Every structure is written in C-alpha cells, then in structure tokens.
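In terms of full-length UniProt numbering, the sequence shown opens at residue 1 and continues consecutively.
Reviewing the structure listed below.
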Amino acid sequence: MPYKFIVSGSGSLDLKEKIHESLVGRKRVFELYPVSFKEFVNFKTNYRYEESLEEFFEVEKVKTESLLNEYLNFGGYPRVVLEEKLSEKVRIIDEIYRSYLDKDVSYLIKSEKVDVYSSLIKLLAGQIGRLINYSELSSTLGISLQTLKNYLWYAEKTFIIHRLTPYFRNVRKEITKSPVIYFYDLGLRNYALGFFGKVEFSPDIGFLFKNFVFNIIKEKFRFTGASVHFWRTKDKAEVDFVINFGKEVIPIEAKYKKLKEPTVERSLRSFIEKYHPKEAWVINLALEYEVKIDKTIVKFLPFYRLLM
C-alpha cells in the first residue's frame with residue numbers, strides 16, 4: 001500500500017503495543033527527546049553559529065555560561081524554550097506535568113495512586129546521580145517493592161527517567177545491583193522539586209550538571225553500539241559515567257567547576273589502575289588540558305567539547 005502513517009504519542013504503552021503487534025517488520029519507531037543543548041544554543045543565537053558552534057563557545061564565554069544556566073534551569077521542552085516570560089514558562093511546565101499525571105499515569109495505574117506516583121517522581125528528582133534504595137523508597141511511599149518497580153518502569157517507558165546500571169564485567173551483577181536515576185528533562189526535574197527557574201538556590205546543582213552531561217553523552221553515543229554505566233566499589237570509589245564499547249571503555253567524571261588545575265581524583269585513579277583505559281575524561285566548565293597516568297591519557301574538557 002503506497003501510504004505512510006505517522007503515529008505519535010507521549011509514551012503511551014498501549015499504543016506502542018498495538019503498533020508492535022500489528023506492524024512487525026513494517027514500522028520504524030523514533031524517540032524524540034527534549035531540545036538538546038546544542039539545538040537550544042542554535043535557537044538562542046538565531047542559528048548564526050550553526051556551522052561554527054565551537055568558535056561561539058570559545059569566543060562568547062559569558063554568553064555560553066548564561067545559556068548553560070538557562071538550560072539547567074528550564075530544560076528543553078520545546079514550548080518552554082520558545083516562551084520568554086518566566087510566568088508563562090511556569091504555566092507551561094505545570095500544564096505538561098499535570099497532563100502527564102492526568103492522562104498517561106492515570107491510564108496506567110489506579111487514579112487514587114496517582115498522588116503516590118507523583119511523590120515518587122519528586123523523590124527521584126531529589127536523588128539524581130545517587131544510588132536508588134528500593135526498600136527505602138517503597139517504605140517511604142507505603143507501597144510494595146513490586147509496585148515500586150512497576151512505577152519505575154512506567155516512568156522509564158514514558159520518558160521521564162533514565163535508569164543507569166553499574167559497570168561490571170559480570171553482566172549478572174550489572175542487572176541485579178542498584179541503579180542510578182537521571183531525568184530526560186532538567187526543567188521537569190526542577191519543577192517536581194520546586195526549583196524551576198531558580199536552581200541557583202538548589203543545594204545539588206552539581207548533580208544537575210551530571211544529569212546534563214549524562215543526557216549529552218547518551219545522545220552522543222546513541223547509535224554507536226556503546227552502553228553507558230556508572231562505577232562504584234565497596235570502598236565507595238565512584239566514577240560518574242563509563243562508556244562501554246565492549247573491548248574498550250572511557251570513564252567520565254563531571255564537575256560543575258571552573259577547574260584551574262588538572263587534578264585527577266582518587267576514584268578516577270582507582271578506575272584507571274583497575275581497567276587501564278586508553279583515555280579518561282573530566283568534564284568541567286572551563287579547563288582544557290591533558291595529563292598522563294601510566295598509559296592512560298586523562299583529558300580535561302569544557303562541557304561544550306562533548307557537543308562537537
């Protein structure tokens with residue numbers, strides 16, 4: 001049949017199941033993420049630097065920092081990005097979140113449990129970049145462990161959160177150990193916590209920056225066959241992200257700081273000593289430098305280098 005249909009939805013599981021059942025081998029599924037930081041910068045600069053973004057970031061340091069702070073505050077939902085007025089941005093993100101709860105979530109779970117689900121999203125928003133304790137969450141919310149895991153699955157499949165698993169050479173351990181949660185959209189995360197438009201008052205802006213870096217990394221390596229993880233040991237040495245290419249890995253640390261000196265911290269050194277990667281990255285706000293530890297090149301990179 002010489003027709004093509006475009007069917008869209010905000011993560012409707014029922015819709016996806018129907019498509020999968022009836023169009024096996026005859027459909028292609030696209031996932032549309034919020035506006036990326038690269039797209040955001042192009043829009044905010046009227047696409048004047050679309051072919052020379054690297055030059056913009058190098059020359060317009062103050063503007064770059066201002067755009068980063070705006071993006072960390074409001075995120076990348078298109079209607080929020082397009083709106084200039086703060087009051088309208090708040091109204092729009094509120095509408096998006098309420099619509100999500102009233103339509104998508106209430107369809108998936110009993111309506112009386114929507115408030116519990118909303119509380120879960122708020123708790124997760126306050127724990128980005130940290131290990132999830134299933135027992136603690138289920139106890140706090142007053143729901144069973146299985147219900148909690150169902151809700152987390154719904155939040156993943158409706159494009160609210162990413163679940164990041166730990167890096168192990170043993171796949172079984174990778175699957176069974178506690179994950180770390182990040183949000184698809186920073187604005188929605190901030191709204192859930194009451195920090196929408198005012199993250200400068202947030203006590204955990206460093207974790208918000210990690211979420212920002214994670215979203216860039218996930219998109220950057222999306223179609224490469226690589227997987228993204230975090231690394232943590234019993235001794236509490238931890239690395240924010242590990243890009244696993246199979247035979248090779250790249251450990252990545254994200255620092256919301258204008259680093260002055262290329263200091264390699266203990267946790268990253270521990271990973272390097274254990275796995276001997278060819279290179280490691282320390283993503284920060286300003287410093288660009290390279291140091292060598294044994295045979296590993298440690299690259300200190302301004303965050304915008306990830307976009308190139």
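Note that CB positions come from ideal geometry on N, CA and C, so glycine has one too.
Quantities reported herein were computed from a predicted structural model and do not represent experimental measurements.
Boundaries of the alpha helix (DSSP H) harbouring N73: K61 to F74, taken from the DSSP string. By the 16-neighbour rule on beta-carbons within 10 angstroms, I181 is buried.
Secondary structure at I128: coil, using DSSP grouped into helix, strand and coil. A direct Cα-to-Cα measurement between E83 and K274 gives close to 48 angstroms. The shortest CA-to-CA distance from S119 to any of Y151, I92 and I96 is the one to Y151.
For S36, the closest C-alpha among the options I217, A226 and I250 is that of I217. Across the structure, W231 and F223 are spaced so that their CA atoms are roughly 22 angstroms apart.
Listed in chain order, the alpha helix (DSSP H) elements of length 4 or more contained wholly in the region 217–293 are 266–275. When secondary structure is reduced to three states using DSSP, T45 falls in the coil class, being assigned neither helix nor strand. Beta-carbon to beta-carbon, T45 and F56 are separated by about 7 angstroms, close enough to satisfy the 8 angstroms threshold.
Residue range T296 to P302 is occupied by the beta strand (DSSP E) that includes K299, with no alpha helix (DSSP H) assigned at that position.
By the 16-neighbour rule on beta-carbons within 10 angstroms, T233 is exposed. When only Cα atoms are considered, L86 and V80 end up about 9 angstroms apart. The region 198–206 makes no contact with the region 238–246: fewer than 3 CB pairs, one atom from each, lie closer than 8 angstroms. Under the three-state reduction of DSSP, F183 is assigned to strand. Excluding its 5 nearest sequence neighbours in each direction, E70 has no C-beta neighbour in its own chain below 6 angstroms. Counting the other Cβ atoms within 10 Å of the Cβ of K210 gives 16 or more, which makes it buried. The beta carbons of V282 and E253 sit about 5 angstroms from each other, so the pair counts as a contact at 8 angstroms. Taking a cut-off of 8 angstroms for Cβ pairs, the region 48–64 and the region 151–167 do not touch, as fewer than three such pairs fall below it. Under a 10 Å Cβ-count criterion, F183 is classified as buried, with 16 or more other Cβ atoms of the shown protein chains found around its own Cβ.
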